[in-house]
Each structure stands twice: as structure tokens, then as C-alpha cells.
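**Student:** Residue numbers (the numbering used here): 3 to 483.
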Amino acid sequence: MSRQGERVETPSDWGIDPVPRGRRILSGVDLAILWGDLGIGLLVLVTGALLVPGLGFAAAFVAIVLGSIVGVGLLSLVAVAGADHGIPTMVLFRPVLGLRGSWMPSTLNVLQLVGWTAVELWAMSFVADLIFDRVFGFSSRWLWLVSASIICIALALWGPIGVTRVWMKRFGAWVIGGISLLVTVLALTSEGIGDVLMSSGTGAWPTFGPALDLVIAMPISWLPLVADYTRFARTPRSAFVGTATGYLIANVWLYSLGALIVLTSDASPDPAGIAAGILALAGGSIAGVIFLVGLLVGETDEAFADIYSASVTVQNVWPRISQRVLTVGIGVVATVLAAWLTMERYEAFLFLIGSLFVPLFGILAADYFVLRRRRIDPAHLFERRGPYWYRNGVRTIALLPWVSGFVVYHWIAPTGPSWWTDAVSAVAGTPLSTSLPWLPASVPSFVVAFLTTLLLSRRSETREPMGAGLSSGASIERGEV
3 MSRQGERVET PSDWGIDPVP RGRRILSGVD LAILWGDLGI GLLVLVTGAL
53 LVPGLGFAAA FVAIVLGSIV GVGLLSLVAV AGADHGIPTM VLFRPVLGLR
103 GSWMPSTLNV LQLVGWTAVE LWAMSFVADL IFDRVFGFSS RWLWLVSASI
153 ICIALALWGP IGVTRVWMKR FGAWVIGGIS LLVTVLALTS EGIGDVLMSS
203 GTGAWPTFGP ALDLVIAMPI SWLPLVADYT RFARTPRSAF VGTATGYLIA
253 NVWLYSLGAL IVLTSDASPD PAGIAAGILA LAGGSIAGVI FLVGLLVGET
303 DEAFADIYSA SVTVQNVWPR ISQRVLTVGI GVVATVLAAW LTMERYEAFL
353 FLIGSLFVPL FGILAADYFV LRRRRIDPAH LFERRGPYWY RNGVRTIALL
403 PWVSGFVVYH WIAPTGPSWW TDAVSAVAGT PLSTSLPWLP ASVPSFVVAF
453 LTTLLLSRRS ETREPMGAGL SSGASIERGE V
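1. Could you say which of Ile35, Ala62, Arg96, Ile27 lies nearest to glycine 388 if we only look at CA atoms?
2. Determine the direct distance from the alpha carbon of valine 48 to that of alanine 274, and round the result to whole angstroms.
3. Please name the residue, chosen from Val409, Asp272, Trp404, Ile288, that lies closest to valine 54 on a Cα-to-Cα basis.
4. Is it right to say methionine 170 is buried, meaning 16 or more other beta carbons lie within 10 angstroms of its own, or is it exposed?
5. Measuring CB to CB, does tryptophan 105 end up less than 8 Å from serine 127?
6. Please state the DSSP three-state secondary structure of leucine 227.
7. On the criterion of 16 or more Cβ atoms from any shown chain inside 10 Å, does valine 137 qualify as buried, or is it exposed?
8. From which residue to which residue does the alpha helix (DSSP H) around aspartate 379 run?
9. For the pair the stretch 27-36 and the stretch 236-256, tell me if three or more CB-CB distances fall below 8 Å.
10. Let me know the beta strand (DSSP E) ranges lying completely inside the stretch 294-372, each 3 residues or longer, listed in chain order.
11. Counting only runs of 4+ residues fully inside the stretch 420-453, write out the alpha helix (DSSP H) ranges in chain order.
12. Can you tell me where the alpha helix (DSSP H) holding threonine 191 begins and where it ends?
13. According to DSSP, arginine 393 sits in a beta bridge with which residue or residues?
14. Report the residue from Asp230, Val291, Asp424 whose alpha carbon sits nearest the alpha carbon of alanine 307.
15. Hey, quick one: how far does the alpha helix (DSSP H) through serine 78 stretch, first residue to last?
16. Roughly how many whole angstroms lie between the Cα atoms of isoleucine 18 and arginine 239?
17. Can you name the start and end residues of the alpha helix (DSSP H) that aspartate 39 belongs to?
18. By the 10 Å Cβ neighbour count, where 16 or more other Cβ atoms means buried, how is isoleucine 152 classified, buried or exposed?
19. Closer than 8 Å is the cut-off here; do at least three beta carbon pairs connect the stretch 178-192 with the stretch 280-298?
20. Give me the Cα-Cα distance between leucine 262 and leucine 281, rounded to the nearest whole angstrom.
21. Taking the CB atoms as reference points, tell me whether proline 416 and proline 403 lie closer together than 8 Å.
22. Given this structure, state the Cα-to-Cα distance separating arginine 26 from leucine 457, to the nearest angstrom.
23. Which residue wins for smallest C-alpha separation from tryptophan 118, given the options Cys154, Thr191, Val168, Val98?
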């Protein structure tokens, strides 16, 4: 390969234009490292810890494997769609919902990404303050919050190619992977591990169905971001294999490790509890502190991805705003939110993400992979009054499957603020998951949206031509939307 192909580029201002073939340089290994790294983090451990002791470890592990396969399968499909045409995730919704219709998921995505960034920054600052307070008697959460924010914003400004091929591939992924491996060894060699692995659950929340949803929710939360990175993949195959391999291994591993930490150390399922559990497994030694510091370093990658993708998503609505300006602004807003954020509603936050995005990507899967057979014309993606304009920029018929999937999700497992869950129960009665505790909400929601899209396809307002894709180096003239 030429030196041109090996050079690390930083297309942080690339925007939402299709990436020409010659600039798609991330290999399957690069993407496996990227998604493996993004799948390892403190909050993944926390979410895995939520599965026990309501479920025993064996049942929790089955839920982890099944949920990871479902969630990562969907994640990898969207990764392929981004690699097919070199476009970010929210632009993929322009043929599905219309140019202006894609603003709806874009708005939701910005809200959830700013929220995720705030959660990540909160967790990093909280655990960093906990470590330094215990070891050095020094406490200043504001210092750690600002420091974490600056680092994450800097990574987002660097861009996905630089972060993946330099930071993660050469250093970050190895550090976080090595530390996770050492903590796993400590957990599996702890006293009474045999009893822990064979223990039965208490029967408390979550039952098997909600546990599946908790596992599926983590890869699902990355669905609105994945094509932002796989648009730089060399081939659709490398996008699929790299994303699936990296994230599946990481998700199964870290969810299982989170459950083990709770069961072997009696830790609580929250960042402070996980930190205390790791310290306990390390015998309170300096090694435990090093492990936690390493996890904090790895956590910056998740926040980087949230900030970067939030700025790309905003550009789907306002493409002329500088991505660098957006990156800094989004990082600052998330930092302010992290200053007063708590973890009290973290589980509901995950479920709410799933209820919004699972049916939405059911529509995308049906429209892109079945109806269009992976063929769209990127030249029309930015064209006012073109075939993807539909009626006033919105494809209204596509909203019905989205609403249908959302309703099914909340009929099975209503989630969100108490006023919302009370309203759902008043209208729909007792949630279906009460009588069918093994039933997850994510899969039926996706299937309903997917099938409804296929059933309504013949009534589409416009039958647009299916393009063969963008050739390398093609130029796009974007019109005002």
C-alpha cells in the first residue's frame, strides 16, 4: 500500500458528504479495534451489574449472549449501509423519511448523544474524584469534570480516523483490554467463584425479558452513530466483520464481568459500587487504583464518539455550521449537564433509547435492505425537489411503522418518567411483560416496524429511482433543504 493510504487523516470537518472510495481507509481490523474499544467501559460494567442478583449468573449470561447477538447484528447491518455509500447514519434516513423527515431522528439523536456524553463525563469525574479522595485525600470533582471534558473534546476534534489508527490501535485499546483481562482473572480466581457461577437468582427485577432489553439497549444505543465511522471503511464486508467481531466480544465480556464483580464483591450496581468492587478484588492494593485509572482513560473514547457523532448529526439539519464549532459547543453543553446529573434513572434512560430507535431502525432495515436492495442514489440525498423530497421533504407514510413499533415496545415494557408509564398503563392496562416475563420489548418492536414498512411499501407516495451508488471521487452539489 502506498504511503498515501497509510497516512493518518483527520477529516474532522468532513461533514455529511459521501466519502469518496479513495478516502475510505479503515480496515476490518481497524473497525474491530474501534468497536471493541467502544464496547469496553465503566458504564457497560454498571449495566451488566444490573442483571444480578435478580437473575443467577447462568441465566444472566444467556441473556447477555442472546441480547448481544441481536443488538450487534442490527448494529452491523447499519454499519454495512454506511459503508455502501460512504454516508453517516442520519443521512441514511433521507431516502426513508425524506430530507426534512430525517430531521426527526436527528433531533432525537442529538438529545440522546448529549445525554450519553453527560453520563460518561459524570461517571469519569465521579470515579476519578473517588480514587483521588481515597488515595491522596484530595477531592475536586469539578477539576476532573473539566479535565475529562477537555480530553474528550480534543479527541472529537481529532476525528475518527486519527483516534482509531493512532490512539486506539497503538495504545488505548491495548490498555483498556489488558486491564479488563486482569480484572476478569481476579474475579474468576476469587474465593467462592464456583458458588457464584452456580447461584440462582432472587427473582427480583430484572426478569429474563427486561434483562434481554438491557443487553440489547447497549448496542442499540450505538445504532444512530455506527455509520458515522463505517463510512470510512474500505469495504462493506470489512465494516460488517469488524463491527460485529469487535463489539460482540466486548459486549459479552464486559456485561459478564460487571455481573461477576457484583456477585464476587457484593458491590452495588453503580459506578461507585463497581469501583469499590474492583478495589476489593485487587485486595485494596495500588493495582486496583491502576485498574480504575485505566478504565477512566478508556471511558474517554465513548464520550469522544458521542460528541463527534452529535456534531455530524446536527450537520444533517444545518450542514453549513462548522463541525469544529459544533464539537466544542456540544462538549460544553454536556459538561454543564454532567455537573448536576445523577444515575437514578439510568436504566429507564437505556430503555427509552431502545423504545425510540429500535422501531426506527426496523424501518431502515426493511426499506434499505429489502425494498431498495442496498441501492440508493447519493446524488439525490442533498437535492431539494428530488426523488427523496416526497411531500414538503417528509415521507409521511414511513411514520406509521415508527409509531407502531414504539407503541408495541411500551405495551410490553412501558418505560420513562412515572407520568408516562402511568399514562401507558391507564390506556393499555397491565404491561404484557407482567404475564410474559420472558418477553423482551426490543425484538417485537423491531419486527412490527419492519413488517409494517413492507406492508405499506406499495402505498408509498413516490416511487423513486434506485441509484447504483456513488463512484469514487464523485462531486455532490448540495441544495438548500
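The beta-carbon is built from N, C-alpha and C at its ideal position, and this holds for glycine as well.
**Tutor:** Looking at the coordinates:
1. Arg96
2. 9 Å
3. Asp272
4. buried
5. no
6. helix
7. exposed
8. It is not in any alpha helix (DSSP H) - aspartate 379 carries neither H nor E in the DSSP assignment.
9. yes
10. none
11. 420-430, 434-437
12. Here threonine 191 belongs to no alpha helix (DSSP H), and DSSP marks it neither H nor E.
13. Val396
14. Asp230
15. 59-87
16. 22 Å
17. 30-40
18. exposed
19. yes
20. 14 Å
21. no
22. 36 Å
23. Cys154
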